Amino acid sequence: MLRECYIAEVMRRRMQFIDDEATQSHIEKAAKWLTGNHKPGLLLHGTVGNGKTTLVRAIGSLIGVLYESLYSDRRKNVLAVSALELADIAKNQPERFDYIKKAELLAIDDVGTEPSVVKVWGNEISPFVDTIYYRYDRQKFTIMTSNLSAEDLADKYGERIADRFTEMFDRIAFENYSYRK
Numbered sequence: 369m370l371r372e373c374y375i376a377e378v379m380r381r382r383m384q385f386i387d388d389e390a391t392q393s394h395i396e397k398a399a400k401w402l403t404g405n406h407k408p409g410l411l412l413h414g415t416v417g418n419g420k421t422t423l424v425r426a427i428g429s430l431i432g433v434l435y436e437s438l439y440s441d442r443r444k445n446v447l448a449v450s451a452l453e454l455a456d457i458a459k460n461q462p463e464r465f466d467y468i469k470k471a472e473l474l475a476i477d478d479v480g481t482e483p484s485v486v487k488v489w490g491n492e493i494s495p496f497v498d499t500i501y502y503r504y505d506r507q508k509f510t511i512m513t514s515n516l517s518a519e520d521l522a523d524k525y526g527e528r529i530a531d532r533f534t535e536m537f538d539r540i541a542f543e544n545y546s547y548r549k
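Take 369 as the starting number for the sequence shown in our numbering and just add one per residue.
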């Protein structure tokens, strides 16, 4: 079913689905993560344009469909936000930032593109790091995408947060070419 959700997301973007070995592998690994007893987080990382965000959206669609049909007459949604939006929301809408940080199911796209620190009423805060600490402490379902390598993430956020990434997130590396060409 995840494959069908992925195809639907590709079609929604008016792109052509390419059923190559890399896409099959990424979908299979994500499906195993969803159905197994794995870490509470999933980090999709690699170069640009190769399906990370598409896979996150497909996972969100699948969760919504399955939850609605199996457990409830209401759909369960994965709250999705870019890392850049997260920083902006933390600065300008603190109540909404708190809601996002505490969401049951959260996806953060393009980690590493956001400013590390933002000023709120003269105080410096680190929205992404604060969100990860909160979610790490509670072992909450979190999916992230990034174009940064594990080493680059450690350089940007420090060894302490990188160590938490290791404990909290299973990883899928996207090393294939860009589908946007």
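Heads up, the beta-carbon is just placed ideally off N, CA and C, and yes, glycines get one too.
In this text the structure is predicted, and so the values were computed from the model without any measurement.
In the DSSP output, which residue or residues are listed as bridge partners for Glu492?
Start at 1 with the first residue of the sequence shown, and residue 492 comes out as number 124. Answer by DSSP bridge pairing, in chain order: Lys487.
Where Met536 and Met512 are concerned, what is the direct C-alpha to C-alpha distance, given to the nearest angstrom?
As a first step, residue 536 must be located in the sequence shown, where it is residue number 168. As a first step, residue 512 must be located in the sequence shown, where it is residue number 144. So the alpha carbons of these two residues sit roughly 11 Å apart.
Could you have a look at Asp520 and say whether DSSP puts it in helix, strand or coil?
Here residue 520 refers to the residue found at position 152 of the sequence shown. Asp520 falls in the helix class under three-state DSSP.
Using C-beta distances below 6 Å, list every residue in its chain close to Leu452, excluding the 5 sequence neighbours before and after it, in chain order.
Here residue 452 refers to the residue found at position 84 when the sequence shown is read from its first residue. The residues are Thr481, Glu482.
Looking at Ala398 and Ile540, is the spacing between their C-beta atoms short of 8 Å?
On the sequence shown, position 172 is the one that residue 540 refers to. On the sequence shown, position 30 is the one that residue 398 refers to. Cβ atoms of Ile540 and Ala398: closer than 8 Å.
Starting from the Cα of Asp505, find the closest Cα among Pro462, Leu370, Lys469 and give me that residue.
Counting from 1 along the sequence shown, the entry for residue 505 is found at position 137. Measuring from the Cα of Asp505, the nearest candidate turns out to be Lys469.
Would Ile476 and Val446 be called neighbours here (beta carbons separated by less than 8 Å)?
For the purposes of this step, residue 476 is identified with residue 108 of the sequence shown, where counting begins at 1. For the purposes of this step, residue 446 is identified with residue 78 of the sequence shown, where counting begins at 1. Not a contact, by the Cβ cut-off of 8 Å.
Which word fits Arg382, buried or exposed, when buried means at least 16 other C-beta atoms lie within 10 angstroms of its C-beta?
Position 14 of the sequence shown holds residue 382. Arg382 is exposed by the Cβ-count criterion.
Around the Cβ of Asp514, are there at least 16 other Cβ atoms within 10 angstroms (buried) or fewer (exposed)?
Counting from 1 along the sequence shown, the entry for residue 514 is found at position 146. What sits at residue 514 in the sequence shown is Ser, not Asp. Looking at its Cβ environment, which holds 16 or more other Cβ atoms inside 10 Å, Ser514 is buried.
Let's see if you can read the secondary structure: which residues bound the beta strand (DSSP E) around Gly514?
Along the sequence shown, read from residue 1 onward, the residue named residue 514 stands at position 146. Checking the displayed sequence, the identity of residue 514 turns out to be Ser instead of Gly. 509–514 is the extent of the beta strand (DSSP E) around Ser514.
Take Gln491 as the anchor and find which of Asn460, Ala471, Ile500, Leu474 has the nearest alpha-carbon.
Taking the sequence shown and counting its residues from 1, the one referred to as residue 491 is at position 123. The sequence given here has Asn at residue 491, not Gln. Out of Asn460, Ala471, Ile500, Leu474, Asn460 has the C-alpha closest to the C-alpha of Asn491.
Rounding to the nearest angstrom, what Cα-Cα distance links Ala534 and Ser450 in this structure?
By one-based count along the sequence shown, residue 534 stands at place 166. By one-based count along the sequence shown, residue 450 stands at place 82. Per the sequence presented here, residue 534 reads as Thr, with Ala not at that position. Thr534 and Ser450: Cα-Cα distance of roughly 21 Å.
Taking Cβ to Cβ, would you say Tyr547 is nearer than 8 Å to Asn405?
For the purposes of this step, residue 547 is taken as residue 179 along the sequence shown, with counting starting at 1. For the purposes of this step, residue 405 is taken as residue 37 along the sequence shown, with counting starting at 1. No, the pair does not count as a contact, with Cβ atoms beyond the cut-off.
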